[in-house]
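Each residue of the sequence shown is one higher than the one before, starting from 1014 at the first, in our numbering.
For glycine and all other residues, C-beta sits at the position ideal for the given N, C-alpha and C.
See structure below.
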Amino acid sequence: MLEQLKEEVCAANLKLVEYGLVILTWGNVSAITPDRSLVVIKPSGVAYDSMEPEQMVVTDLEGNVVEGELRPSSDLMTHLELYRSFPGVNAVVHTHSRYATALAQAERSLTCYGTTHADTFYGDVPCTRHLTAEEVAQDYERNTGLVIAETFRGRNPEAVPGVLVCKHGPFTWGASCRKAVENALILEETARMALLTEQMSCRSAPPAPQYLQDKHYFRKHGANAYYGQK
């Protein structure tokens, strides 16, 4: 099981490069085992062009390394907090993709302007509050996960599988590595579309009407979804 998960996590990390979502070593993917006892994550600072499945690091939910010779991603504790907070999430992705990060740096949520967004995210993708100086100084990565969880109180993280961390960048998640990476790609592309929409409308474009958002989200994700094949 762990060897297969290492293959999946490594392949998902390489997809971030293929999709243009990361440069240098600016990103990471993790996945949790089916029994939710162990997490496999990219090693810290390892170049994508030399990355191999056997380099993936296995930790427990406290962040203790149980398998692997390299240090895990510096964002590990954020990933672990998301697994604790969101029981339906099996994989987490973090990037510094250009347009989504620009929104995070501007302290702005991603407005749902149209159906491309609504197909994946049910409503706006929120931007978190600032972390306090104390939160940054004392346990930065874990507190990043906690502020994401705080942002999703009253929201369904499976209906909005992504967030913009204020002044930092995007995190996405999903039921699998493939889905979490796909959500990262869609988040970046819809962020780009939103910024172009605002440029063309002098930032006066209204959100898509709720009935249109409902139609596009639920035709893919609702009980009576009919998009795609069975």
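Taking all protein chains shown into account, residue 1167 has fewer than 16 neighbouring C-beta atoms within 10 Å of its C-beta and is therefore exposed.
Assigned with DSSP and collapsed to three states, residue 1152 falls in helix. Residue environment for residue 1190: buried (at least 16 other C-beta atoms within 10 angstroms of its C-beta). Here residue 1131 is buried. Its C-beta has 16 or more other C-beta atoms within 10 Å.
Residue range 1223-1234 is occupied by the alpha helix (DSSP H) that includes residue 1231.
Residue 1040 sits in a strand when the DSSP states are folded into three classes. Assignment of residue 1183 by DSSP, reduced to helix, strand and coil, places it in the strand class. When DSSP reads this structure, residue 1215 sits in no beta bridge, so it has no partner. Contact between residue 1054 and residue 1070 holds: CB atoms are separated by about 6 angstroms, below the 8 angstroms threshold. It is roughly 8 angstroms from the alpha-carbon of residue 1159 to the alpha-carbon of residue 1091. In the displayed model, residue 1131 falls within a helix according to three-state DSSP.
Straight-line spacing of the CA atoms in residue 1183 and residue 1234 works out to 22 angstroms.
For residue 1092, the enclosing alpha helix (DSSP H) stretches over residues 1089-1098. According to DSSP, residue pairing for residue 1067 in a beta bridge does not occur.
In the structure shown, the three-state DSSP call for residue 1080 is strand. Taking C-beta atoms as the reference points, residue 1059 and residue 1093 fail to come closer than 9 angstroms. The straight-line gap separating the alpha-carbon atoms of residue 1197 and residue 1021 is approximately 16 angstroms. Cα atoms of residue 1096 and residue 1107: separation of roughly 14 angstroms, rounded to the nearest angstrom.
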